[in-house]
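If you're matching positions, the sequence shown starts at 156 in this note's numbering and goes up one per residue.
Note that the Cβ used here is the ideal one computed from N, Cα and C, for glycine as well.
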Amino acid sequence: MNFLVLPCDGIGPEIMEASMTVLRALDRKFGLELEYEYDEVGFASLEKHGTTLRDEVLEKAGNCDGVILGTQSHADYPPPEKGGRNVSAGFRVGLDLYANIRPARTRPFLPSNLADGKTMDLVIMREATEGFYPDRNMTRGWGEVMPSPDMALSTRKITRHCSERIARQAFAWAMKRRKKVTAIHKANSFHMTDGLFLEAVRDVGRDFPE
Numbered sequence: 156m157n158f159l160v161l162p163c164d165g166i167g168p169e170i171m172e173a174s175m176t177v178l179r180a181l182d183r184k185f186g187l188e189l190e191y192e193y194d195e196v197g198f199a200s201l202e203k204h205g206t207t208l209r210d211e212v213l214e215k216a217g218n219c220d221g222v223i224l225g226t227q228s229h230a231d232y233p234p235p236e237k238g239g240r241n242v243s244a245g246f247r248v249g250l251d252l253y254a255n256i257r258p259a260r261t262r263p264f265l266p267s268n269l270a271d272g273k274t275m276d277l278v279i280m281r282e283a284t285e286g287f288y289p290d291r292n293m294t295r296g297w298g299e300v301m302p303s304p305d306m307a308l309s310t311r312k313i314t315r316h317c318s319e320r321i322a323r324q325a326f327a328w329a330m331k332r333r334k335k336v337t338a339i340h341k342a343n344s345f346h347m348t349d350g351l352f353l354e355a356v357r358d359v360g361r362d363f364p365e
């Protein structure tokens, strides 16, 4: 397997070094045959190339089995017209990485705050290419505006297509696990946006009667 390693900003290089130490140890122990290619994103790339995320890096990432990305200081980046691209958003949009998959599981050898020795094993799956994300929910322009110093407005975008495909991912994962899916929504207040999302999830659910 080939990984693109991008240390990025702040503590990124430090934690990346520790992460690579662990990965190399696992590689030696289990013979995983992992290969790594390093490149620059964030401030290092901005200083050298005039942008925090080059198209060449996106192309490399698309040809790798995975990307190991360090922390980014995107709040300190210059505006996009001066080269400050949100690195993680650039990957999600550029490579259409729509499913943000976050597993959470208790381990018998680690302390837990759950009472009576209970265990937890869940996967949180979140759509990552639209919603309130202002840097990725518009084809052109920006999903936020500030009419005055004391007022800020944000536009939320929900589509049936993106709602259905994240739902399909969730149901596909559930079929390999406990066959249980919970849709988190606020359709009682957001009648149109969350209403559309919930409708899409239920439509997809009919394809998974199990």
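Given residue i as reference, the closest of the options once Cα atoms are compared
i      : options                           : result
Ala322 : Glu354, Met293, Pro233 and Met347 : Glu354
Ala216 : Ser200, Gly245, Ile166 and Pro233 : Gly245
Arg333 : Asp276, Gly350 and Met280         : Asp276
Ala282 : Ile170, Asp251 and His204         : For the record, residue 282 in the displayed sequence is Glu; it is not Ala. Cα-wise, what sits closest to Glu282 is Asp251.
His346 : Ile313, Trp328, Cys317 and Tyr232 : Ile313
Asp231 : Asn157, Lys341 and Cys163         : Cys163
Glu365 : Ser344, Lys335, Gly350 and Leu208 : Lys335
Sheet register partners of residue i (DSSP bridge)
i      : result
Ala254 : Glu282
Tyr191 : Phe158
Lys312 : Gly286
Arg260 : Asp276
Glu299 : Ser309
Where residue i falls: helix, strand or coil (DSSP)
i      : result
Lys331 : coil
Val196 : coil
Asp276 : strand
Ile223 : strand
Glu365 : coil
Met293 : coil
Asp164 : coil
Leu265 : coil
Straight-line Cα distance separating residue j from residue i
i      : j      : result
Tyr288 : Met301 : 15 Å
Thr284 : Asn241 : 13 Å
Arg179 : Pro263 : 25 Å
Glu188 : Ser174 : 16 Å
Ile339 : Leu308 : 24 Å
Asp375 : Met306 : Here the chain comprises residues numbered 156 to 365, so residue 375 is not present and cannot be evaluated.
Phe326 : Val359 : 8 Å
Ser200 : Gly238 : 10 Å
Gly296 : Gly186 : 47 Å
Arg247 : Gly272 : 38 Å
Thr348 : His316 : 13 Å
Lys184 : Val177 : 11 Å
Pro235 : Gly205 : 11 Å
Thr337 : Val356 : 10 Å
Cβ-Cβ distance between residue i and residue j below 8 Å
i      : j      : result
Val222 : Glu192 : no
Gly197 : Gln227 : yes
Phe352 : Met330 : no
Gly225 : Pro168 : yes
Asn292 : Thr274 : no
Ile279 : Ala259 : yes
Glu190 : Asn218 : no
Lys141 : Glu214 : Given that the chain is displayed from residue 156 to residue 365, the structure contains no residue 141 and the question cannot be resolved.
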